[in-house]
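Heads up, the thing below is written out as structure tokens.
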Amino acid sequence: MSEPKRGEIERYAPATRINHWIVAIAFVLVALSGLALFHPALFWLTSLFGGGAWTRILHPFLALVMIIAFVLLAAKVWADNFMREDDWTWLERFREVARNREEDVPEVGRYNAGQKLVFWLIVICLVLLLLTGIVMWRAYFTAYFPIEFVRFASVVHAISAVVLICGIVVHIYAAIWVKGSIRAMTRGTVTQGWAFKHHRAWLRALNRTAAPPRK
Amino acid sequence: MALQSLDIVRRSATTLPEPQARGAHTGEVAKLIDVTKCIGCKACQVACMEWNDLRDEIGTCTGHYDNPADLSDQTWTLMRFAEYENPKGDLEWLIRKDGCMHCADPGCLKACPAPGAIVQYANGIVDFHEENCIGCGYCITGCPFNIPRISKKDRKAYKCTLCSDRVSVGLEPACVKTCPTGAIVFGTKDDMKQHAAERIEDLKSRGFEHAGLYDPAGVGGTHVMYVLHHADQPHLYSALPDKPAISAAVGLWKGAAKPLALLAILATALAGFLHYIGIGPNETDERDEEKARRELEKTS
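In the order they appear, the protein sequences are chains Z and G.
Note that the first sequence covers residues 125 to 339 in the working numbering.
Note that the second sequence covers residues -19 to 280 in the working numbering.
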């Protein structure tokens, strides 16, 4: 990859970007196939997958692609997502952030508190979805579990899926809202001004180490 | 099978009413299985195989009379044999013909995500339309009686149809037709209840004080009913549920969760949309770039 242009900073290396989009595309397919089997009003979505039976067959395999890709992605961003003391102050002043006034909130590192909480929400939901999904995977596993547990797992699966979808809606909206963010995942770079405004502590840390580490 | 002469009152994964102008004005149907008259001959199993063209694999002896050992996509009805030692110390051989109970409030239909894979006719029969089945097995998750089975061959769910094809042309189910002792009878649900009442009176007079009808209210009543000598203890009959009902988890999953989930997703998206319209994007301008440049010069 060519070096970032003058005035720009690399935020995500090509491998991370590709990894992210594998997760993203798999997520969209898994969510659409899952919703198709969740609510009758959305059953028409099964047409995208070649019918009801194909949707039922594909959903868990697509989910495994998503889970494996997410684990690889999470391994890269894990360490930057632990909540710190400043993060809670940032959250308390989120009303200001939501009004596009970031002057008086604590400086943010590589990720802000909102991003971190979305990250952990995704992790928790995916763990629940994986475990309950295995229980619901009739072709291979369901027979090994007691029926009451299968019923319970089905509800937990649906609820955690909805929470995850809402979390991803927030994630996507945040990228649309904070201009200059999407290019971090498409081109890999952000402007220095973007980093200064939204992730000042990260910019400073990068500046201290002359050659910014690639993530 | 979709049957012209039987209108559908309920259809899986369908939000609007189905054509149902033709009701069951002569009454809903029911099969009454008088367990006290059953001799365990398995003629009903054979008749079911013959009429429905089913042939289960020839298995191995499992040490009891149940044969085959369990219901399957090829065995829609099965005699289950239980040995019960009553408080007097006598052995009672309790034989129950297991199979779909055709619930008035069917858990399978509630759980099914495939439109039209499970239907309930106006006469009360709950039928699977395998051509619409997607093989997810949610019907098994929803069923309080552990009845539906997925075929390993085609991954579709199968169960007793109550011979809907025969009933629709005025015939009784094959098992009823063949039963040599008259333990299985078929008719309108009201008639069957009346018949059961007479049988129960007779049983009580013979010392079975807890004899009674099994028509569990938890699933809205069933269109297959039993006369039991021990109606106070249905579980004696090879784990027939004492108080069957659609599980609360299935009720939540297939009930409130569905509209609430879509509402939550739409509300989240709407909140984002309104935020964008009301407050607008968070943009970085030339002043931020300038501040960033100064910051970088300051420390490097």
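Glycine included, each C-beta is placed from N, C-alpha and C at the ideal position.
Predicted model only: the values in this text are computed from it and were never measured.
In this structure, the straight-line span from the alpha carbon of L215/Z to that of L196/Z is close to 28 Å. Going by DSSP, I98/G is part of the beta strand (DSSP E) stretching over I98 to Y101.
Look at C249/Z: its C-beta is not under 9 Å from any C-beta on chain G.
In this chain, the alpha helix (DSSP H) harbouring V221/Z covers F218 to A222.
Taking A27/G as the centre and dropping the five residues before and after it, the same chain places the C-beta of A154, C155 and T158 closer than 6 Å to its C-beta, in chain order. By the Cβ criterion, the stretch 215 to 224 of chain G is not in contact with the stretch 256 to 268 of chain Z, since fewer than three pairs of Cβ atoms, one from each stretch, lie closer than 8 Å.
Counted as a single uninterrupted DSSP element, the beta strand (DSSP E) harbouring A62/G occupies residues T57 to E65. V99/G counts as buried, since at least 16 other C-beta atoms from the protein chains shown sit within 10 angstroms of its C-beta. At a C-beta separation below 9 Å, V152/Z has no neighbours in chain G, since its nearest C-beta there lies roughly 13 Å away. Inter-residue distance for V314/Z and F320/Z is about 10 Å (C-alpha atoms, whole angstroms). For the stretch 90 to 178 of chain G, the continuous alpha helix (DSSP H) assignments of 4+ residues that do not extend past its boundaries occur at 118 to 122, 144 to 147 and 154 to 158, in sequence order. Close to G96/G, with beta-carbon spacing below 7 Å, lies no residue of chain Z; the smallest spacing is near 10 Å.
When Cβ pairs closer than 8 Å are counted between the two stretches, the stretch 0 to 11 of chain G is seen to touch the stretch 166 to 173 of chain G, the count reaching three or more. With the rule of 3 Cβ pairs closer than 8 Å, the stretch 39 to 46 of chain G counts as touching the stretch 56 to 73 of chain G.
When only Cα atoms are considered, V221/Z and A228/G end up about 42 Å apart. Sequence-ordered contacts of the stretch 108 to 124 of chain G with chain Z read N112, C113, I114, G115, C116, G117, Y118, I120, T121, G122 and C123 [C-beta pairs closer than 9 Å]. By the Cβ-count criterion, G158/Z is buried, with 16 or more other Cβ atoms from all chains shown falling within 10 Å of its own Cβ. A residue is called buried once 16 or more other Cβ atoms fall within 10 Å of its Cβ, and V152/Z, having fewer, is exposed. For the stretch 133 to 151 of chain Z, the set of residues with a beta-carbon nearer than 8 Å to any beta-carbon of chain G is empty.
Between L255/Z and A277/Z, the C-beta gap is smaller than 9 Å, which places the two residues in contact. For the pair of segments examined, the stretch 192 to 211 of chain G was found to touch the stretch 173 to 180 of chain G: the number of CB pairs separated by less than 8 Å reaches three. Identification of residues in the stretch 218 to 237 of chain Z having a C-beta nearer than 9 Å to some C-beta of chain G yields V221, A222, R223, N224 and E226, given in sequence order. With a threshold of 9 Å between beta carbons, Q316/Z makes contact with chain G.
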